[in-house]
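Here's the structure we're looking at; comments come further down.
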Amino acid sequence: MLCSECGKNEANVHVTHIINGKKTESHLCEECAKKNQAILNTNFSMENLFSAMLNNTFSGKTYLPAKACSFCGMTYDTFRNTGKFGCSHCIDSFKGRLTPVIKSIQGYDRHTGKIPKRAGGAFKLQMDIQRLKNELKAAIEREEYELAAELRDKIHALEKRKGDA
Amino acid sequence: MLNLDNNGIVITSRIRLARNLKNYKFPTNMTQEEARSVIEEISNAVSKYDRGYKLTYMKDLTDIKKNSLIETHIISPALASKKDTGAFLLSPDRRVSIMINEEDHIRIQTLGDGLSLEECWKLGNEVDDIIEESVDYAFDKDLGYITCCPTNIGTGMRASVMLHLPALSITNQVDKLLYGVSQLGVAVRGVYGEGTKSMGHLYQISNQVTLGVTEETLIDKINQIVMQIIEKEKTTRDHLYKNNYDELEDDFHRAYGLLTNARKMSADEAMRLLSLLKLGSEMGITPMVKGKNIYQLMVWIQPNNISTIEGRELSVKERDKKRAEIIRRELLR
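Chains as they are written, first to last, in this note's numbering: chain A, 1 to 165; chain B, 166 to 498.
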């Protein structure tokens, strides 16, 4: 089949449009298809989906205009369009609105993984205590009381360290 | 007897950690001056511990060299596009690559053979600690490591495993299986070729979620899924061996015949035939290629790697001839 646009080359891009229930088909060669980038614009990258989600989540709701990020000057609108932060401080500037969106895409809104030694500090201690408490609860549920007693002592020791700090 | 080795199915494992510095704008947003300063800070932090790492600036590389580094998975396409601001540090054994000013300031990537995500994580974690001793990371107590794109926030970790699934592919089961797997919160894509189309039956599986789960749990999940896929691939190979031996033997030897005689070959054809030959070798049906690293050959014959071996840009025609020559030389050696 020849390209329906130029009529010269073999058509190898086939596009079906359905607009208001009316179906039209076009058969293009690669060159003509490239010229018509809109056809080939099927970009389903994670970033694009994310930015689409940001737009949907807030459509129809009225929010006070967010202040621009104090460090890099990025506005919330720019972030909403690109789906990318301008710097790490944007998180603080947009946090209130951000948390539900992050939760909807990641399924969670709280980090439980690695904590950097220097940036973490006292927070790491708190996380360690929380982790041990979860383990303690699980141990009690499994009726492993010896392990539970061990964990309880560890938690006490860490809490004492936290109090001293 | 069937000779099925896990290592034939799982090719490589990779861990990538995204990190950013607190006091700089993200690479999408920074000046060349700031970019230079970030490169300096990170490269100094690493060289304090290990002087063996080699720093390379994107601006010093030709397009062929950059693409060749992408084909060997040392750098990402996104880093290659940062021609004025990007750089990377590579360890002497090429297992650790630290990309600087890609989408994030730092992307630590560790590579290992076979199913080795734990080892890769251990190594990446160590490099991460070393860098953190000298720089201020962007970290939020609720959201974890802050990344430019919210889809990487939290652990900043992407754990991925490259799989060779020829038996599942030639029996048309791979799409269904990979669709099922993608329902479990992992991403699947072809390794070479565009989009989800795979060349040489090579697939990459990686975690989708980066927040709210520990690194160990994420790795554990990928491992479990990979083990199941390995089982399915093995069962299918077993089934083929028992029921379709004659057809397979013929297919594998035809592939060998073409690969050792053709005078020009496209990447598409070469990848398909090499994949068959690799399967034949692992099933003990093509003893003449026993002990040869077919996967390595699949990497070498990628377009830009051929041009790099040759030291100049080649036309498609020249490349197809050179590709056939390299394959003949390696298989008949």
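Think of the CB as a built atom: it goes at the ideal place given N, C-alpha and C, for glycine as much as any other residue.
Beta-carbon separation (whole angstroms), residue i vs residue j, contact threshold 8 Å
i	j	result
B/I295	B/Y410	Wrong, their Cβ atoms sit about 53 Å apart, outside the cutoff.
B/Y368	B/L405	Actually they do not touch by this definition, with Cβ atoms about 19 Å apart.
B/N199	B/K187	Checking the sequence, you will find Glu at residue 199 of chain B rather than Asn. Actually they do not touch by this definition, with Cβ atoms about 13 Å apart.
B/D305	A/I91	6 Å
B/G289	B/A183	Not confirmed; about 11 Å, so no contact.
B/L282	B/I384	5 Å
B/R259	B/T275	With 8 Å as the limit, B/R259 and B/T275 do not qualify as a contact, their Cβ atoms being about 11 Å apart.
B/I471	B/R484	5 Å
A/K162	A/L125	5 Å
B/A324	B/I387	5 Å
Own chain, CB closer than 7 Å to residue i, minus 5 neighbours either side, in chain order
i	result
B/I466	A432, A435, R488, I491, I492
A/F71	C87, H89
A/L151	L132, E135, L136, A139
B/Y218	V211, S212, L254, L255, S256
A/H27	M1, C3, S4, A11, H14
B/V464	E236, T237, N470
Option in the options with minimal Cα separation from residue i
i	options	result
B/H270	B/T177, B/S334, B/S371, B/R181	B/R181
B/G449	B/R402, B/R260, B/N469, B/K190	B/R402
B/S178	B/L280, B/G456, B/R184	B/L280
B/L413	B/I174, B/A427, B/G445, B/M430	B/G445
B/L254	B/E298, B/G456, B/L479, B/L220	B/L220
B/Q373	B/A352, B/R498, B/K386	B/A352
B/V378	A/K103, A/H156, A/K137, A/K160	A/K103
A/Y108	B/V481, B/R260, B/G309	B/G309
B/G350	B/S371, B/R216, B/T336, B/K341	B/S371
B/N185	B/V481, B/G422, B/G319, B/I174	B/G319
B/I335	B/R484, B/N470, B/R437, B/A252	B/R437
B/T196	B/A245, B/K287, B/G251, B/P468	B/G251
A/L158	A/E143, A/N81, A/E150, A/D128	A/D128
B/N194	A/I115, A/H27, A/G73	A/G73
B/R428	B/R216, B/N388, B/P452, B/R494	B/R494
B/N209	B/E298, B/R323, B/T237, B/K248	B/E298
B/R498	B/G456, B/P468, B/M430	B/G456
A/T112	B/R477, B/L423, B/R323, B/L376	B/L376
B/E222	B/E380, B/K248, B/L479	According to the sequence as given, residue 222 of chain B is Tyr; it is not Glu. Looking at the Cα atoms, B/K248 is the closest of the given residues.
Simplified DSSP assignment, three categories, for residue i
i	result
A/T62	Residue placement at A/T62 is poorly supported in this model, since its pLDDT is 46, which falls under 50; the coordinates are not used for a value here.
A/T42	Caution applies to A/T42, whose pLDDT of 48 falls short of 50 and renders its modelled position unreliable; the value that the coordinates give is listed next. The answer is coil: DSSP assigns A/T42 none of H, G, I, E or B.
B/R428	coil
A/Q126	helix
B/K219	strand
B/K287	helix
B/S256	coil
A/E144	coil
B/Y214	coil
A/E25	strand
A/L132	helix
B/A183	strand
B/I240	coil
B/R201	helix
B/Q467	coil
B/V339	helix
B/G277	strand
A/C87	strand
A/Y108	coil
B/I311	coil
A/A94	Going by the sequence as given, residue 94 of chain A is Phe instead of Ala. Helix at A/F94.
A/A157	helix
B/H270	coil
B/S262	strand
B/L226	coil
B/F519	Residue 519 of chain B lies beyond the range of chain B shown here (166 to 498); nothing can be said about it.
Sequence-distant residues of its chain with Cβ nearer than 6 Å to residue i (five each side left out)
i	result
A/K147	Checking the displayed sequence, the identity of residue 147 of chain A turns out to be Leu instead of Lys. Answer for A/L147: A139, listed in chain order.
B/S440	P331, G365, H366
A/C32	C3, E5, C6
A/N43	Only weak support is given to the placement of A/N43: the predicted model assigns it a pLDDT of 47, under 50, and the value that follows is read from those uncertain coordinates. Cβ neighbours of A/N43 beyond the five flanking positions: none.
B/Y357	M364
A/T75	A68
B/G277	S178, E284, C285
B/L234	I240
B/K443	I459
Close Cβ partners of residue i (< 8 Å) along its chain, the five nearest in sequence each way excluded
i	result
A/E30	N9, N12, V13
B/Q338	K397, T401
Q | Cβ pair count under 8 Å reaching 3, the region 407-423 of chain B against the region 386-395 of chain B | A | no
Q. If we count Cβ pairs, one from each stretch, closer than 8 Å, do we get three or more for the region 230-242 of chain B versus the region 329-336 of chain B?
A. By the C-beta criterion, the region 230-242 of chain B is judged not to be in contact with the region 329-336 of chain B, since fewer than 3 inter-stretch pairs fall below 8 Å.
Q.
Count Cβ pairs between the region 259-274 of chain B and the region 308-318 of chain B that sit closer than 8 Å; are there 3 or more?
A. These segments touch.
Q. Three or more beta-carbon pairs under 8 Å between the region 199-210 of chain B and the region 223-234 of chain B, yes or no?
A. Contact between the region 199-210 of chain B and the region 223-234 of chain B is absent, because fewer than three Cβ pairs lie under 8 Å.
Q) Between the region 313-328 of chain B and chain D, which residues of the former have a C-beta closer than 8 Å to a C-beta of the latter? A) In the structure shown, chain D cannot be found, because the protein chains are A and B.
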